[in-house]
Structure formats: structure tokens, C-alpha cells
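So the structure is just underneath, and the comments pick up after that.
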Amino acid sequence: MSTITSSVRYAEGHFRNRRGLQLFYCSFFPSHVSVKGVVLFLHGIGEHSHRFVHLYEHLVELGFAVIAYDMVGHGRSDCECEGLRAHAEAFEHFVQDTNDFLTAAKYSIYKQMLPENAPEPPLYFMGISYGCLVGLHTILSGEHPFSGIVLASPALGVEKTLLLTIQGLLSKPLVAAFPHARIVPGVNFEGLTRDPHFYQDYMADRLNVTENMTARMGVNTLGAMQHILESKVITDRQSAFCKTPLLLIQGSADKVTSSIVAQAFYNRIGTFDKEMKLYDGLFHCIYNEPEKAQVIEHVTSWLLARANLQAAIETAKPKRATPPLAKL
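Numbering (our numbering), first residue to last: 1 to 328.
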């Protein structure tokens, strides 16, 4: 993991979610007080927010702020069930926690890091793998407006096989009998990266969870994937989702999440400003592959272009005259 440079205004702490659990968060702001926007970043299953500091720092250099948190049961956050990491009793809990974090950030982190009475900056979403699934559900919940979406190696579904079909038929009885049993192979760890040093660091990270998923997590995750792929909102050009610019990136050799499913999702969404970029030969952890500089440069250039366009539109809007004070 990267160390944090002194040029970044960094803060960390814990916030309490609506179920009373303490979840770890971190924030990265430029040394100057104004920002082009705030990026919410969500990590993948089994990992934690501090594994992407190098990406956050690049965003900060360009004038963005980044806020991130360890999802329930991950990293330095509390577990829902004592000792059971990388697990939530319901997928919706991840979505609730993300909305709670954004609300807490706007009332706490923003006040600490931004000038007094500063307008609320545009909010952008970035995530990887499972974080994309949680992020899409969060965006569709409509509790917080977003100005841009960047999905990396998104966990949106699985390609159907005979084995998966059989497992699907057995899943509900298994969950009823053994909800917390780790019997679902969630991640192909050898398919994470082509960088042996990153792989060794990932597997040695004590904050990571490298065990199988629980039966309940597996079933809940498949349900969440199906909901996204069948959502009518993502095809409705008049929806807030489809009016939000979207970038989807993935490695063509990803062995953890399916680029075929990602392509089908991309083809289905009604978003006008959308782009999908498939990187030839790259594995799942696309921000940590040997070509990571190229990937990060493309993502940040895309994000910067949308932020600059939005700033230009806001500047061009006629200013509202300040109403005169009422006479007593």
C-alpha cells in the first residue's frame, strides 16, 4: 500500500451507520481549499479503501477531493456478525451505509475541508468490482445526485454455466441451513493481476479477506446483480441515471468479473454520454496492473473533461440577483 504524501490534506475517522455500527472512512483533499469535485470511491469485496491511495493522490493533483470508506465487515470497519468479515446480512445494508456515509461527509468532512458557505461541489462515483455493484444501487436509490460515474471491472453478473445453474437451485436451501458458511468461491485471486509484487502484497495484507464468500452473501449478491441488469431505469433516457455521464473500463483478460456481462450492460443503458474501454490483456485489478499509469491517465482525463464542462455550464448560467432586505 502507498504512503500518503504531505501535499494531501488527509483525514480519517469513523462514522456510525443507521444500524449503530462504526465504519472507518478516509478523505483526501488538495492543499488549496477549492475543489473541482468530490469523488466517492468504493473498494471491492474483501479489500479496503486504503489500497487505492495512489489513485486518490493522482485525483487530488488534478484538483479533485476523494472520500472513501471500508464497507461493513471490511478493513477497519465493524462486522455485522461478530468475527464474520466481508459479510452483510442483506445487500441493501451496503447501499444504506454508502448513503449514510455521503450524508455524514456532507455534514462533517465538507465543513472541515471546504471554505465556509462554499457551494456543495459536484459528486462523482468511482468504484471497482463489487464496489461498482454497490455504487450503482446507491446511485439508483436517488438519495444523492451524481455528476459522473466511473466503473472499473464491475461485478454485474456471471456467465451462465451448468454448474452455476445447479448451484443456483441449491442456493436457497443452503442459505437456510448454513447462512454463514463460506462455500461460495467469490474471487479468483490468481486472476487479480499480472504484477507478482502487487499479488504478494494483496495476499499478505491483514486487512484483506481472502476466504470464500458466505452462502448468504453469494445469494444476496446474485440478486443485486440481477436487479441491476433488469432495471428499467438504466434504459430510460429521461432518468437521472441516464443523464449522468458514464465510463466503464475493464481488462480483456479479466478472470474475476465478466467483460461479456459488462458489455451487455453497457449496450443496454440509455446514457447518451457513455464510453466503454477494454484494455487488451489486462487482468481484474486494473488500477494496479503494470499499465496502471495509462489506465489512470485515461480515467482522470475523462473525469476532468466532464468536471470542466460542468464548471463552464455553471459559470454561463445567469446569476440571480440578491433580493433586497425587507424593510421593517
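From the three backbone atoms N, C-alpha and C, an ideal C-beta is built for every residue, glycine too.
Query: For leucine 23, the first and last residue of its enclosing beta strand (DSSP E); Result: 22 to 29
Query: Beta-carbon separation (whole angstroms), alanine 307 vs proline 122, contact threshold 8 Å; Result: 7 Å
Query: Neighbour-count burial assignment, tyrosine 202, 16 or more Cβ in a 10 Å radius; Result: buried
Query: Assigned exposure category for isoleucine 109 - 16 Cβ within 10 Å defines buried; Result: buried
Query: Sequence-distant residues of the same chain with beta carbon closer than 6 Å to aspartate 280, five excluded per side; Result: Ser252
Query: Beta-carbon contacts of phenylalanine 91 that lie in its chain and below 6 Å, excluding the five residues immediately before and after; Result: Asn220 and Ala224
Query: CA-to-CA distance, threonine 244 to isoleucine 149, given in whole angstroms; Result: 7 Å
Query: Contained alpha helix (DSSP H) runs [length at least 4] in the region 111 to 199, N- to C-terminal order; Result: 130 to 141 and 162 to 177
Query: Methionine 217 beta carbon less than 7 Å from that of histidine 74; Result: no
Query: Contacting residues, own chain, Cβ-Cβ under 8 Å from alanine 326 (five flanking each side not counted); Result: Because alanine 326 sits at a pLDDT of 38, beneath the cut-off of 50, its placement in the model cannot be relied upon, and the point is left open.
Query: Buried or exposed by the 16-neighbour rule on C-beta atoms within 10 Å, applied to glycine 44; Result: buried
Query: Backbone CA spacing between alanine 264 and aspartate 78 [nearest angstrom]; Result: 36 Å
Query: Collapsed DSSP secondary structure at glycine 13 in the structure displayed; Result: strand
Query: Counterpart residues of threonine 214 in DSSP-defined beta bridges; Result: Arg182
Query: 8 Å contact criterion, which isoleucine 269 and threonine 235 should meet: CB distance rounded; Result: 7 Å
Query: Three-state secondary structure assigned by DSSP to glycine 63; Result: coil
Query: Where glycine 251 sits in the DSSP three-state scheme; Result: strand
Query: Cα-Cα separation between valine 295 and methionine 113, rounded to whole angstroms; Result: 28 Å
Query: Start-to-end residues for the beta strand (DSSP E) that takes in tyrosine 279; Result: 274 to 279
Query: N- and C-terminal bounds of the alpha helix (DSSP H) containing valine 261; Result: 259 to 268
Query: For valine 233, the first and last residue of its enclosing beta strand (DSSP E); Result: No beta strand (DSSP E) contains valine 233, which DSSP labels as neither H nor E.
Query: Under 7 Å between C-beta atoms of histidine 14 and phenylalanine 24; Result: yes
Query: Buried versus exposed, by CB contacts within 10 Å (16 or more), leucine 163; Result: Note that leucine 163 scores a pLDDT of 47, beneath 50, so its modelled location is shaky and nothing firm can be said.
Query: Proximity below 7 Å, CB of alanine 11 to CB of isoleucine 67; Result: no
Query: Straight-line Cα distance separating asparagine 117 from lysine 255; Result: 47 Å
Query: Distance CB(aspartate 70)-CB(histidine 93) smaller than 7 Å; Result: no
Query: Three or more C-beta pairs below 8 Å linking the region 300 to 315 and the region 34 to 44; Result: yes
Query: DSSP beta-bridge partners of leucine 40; Result: Ile67 and Phe125
Query: Leucine 282, DSSP secondary structure in three states; Result: coil
Query: Residue environment, aspartate 100, which counts as buried when at least 16 other CB atoms sit within 10 Å; Result: buried
Query: Whole-Å CB distance - leucine 174 paired with alanine 215, under 8 Å assumed; Result: 5 Å
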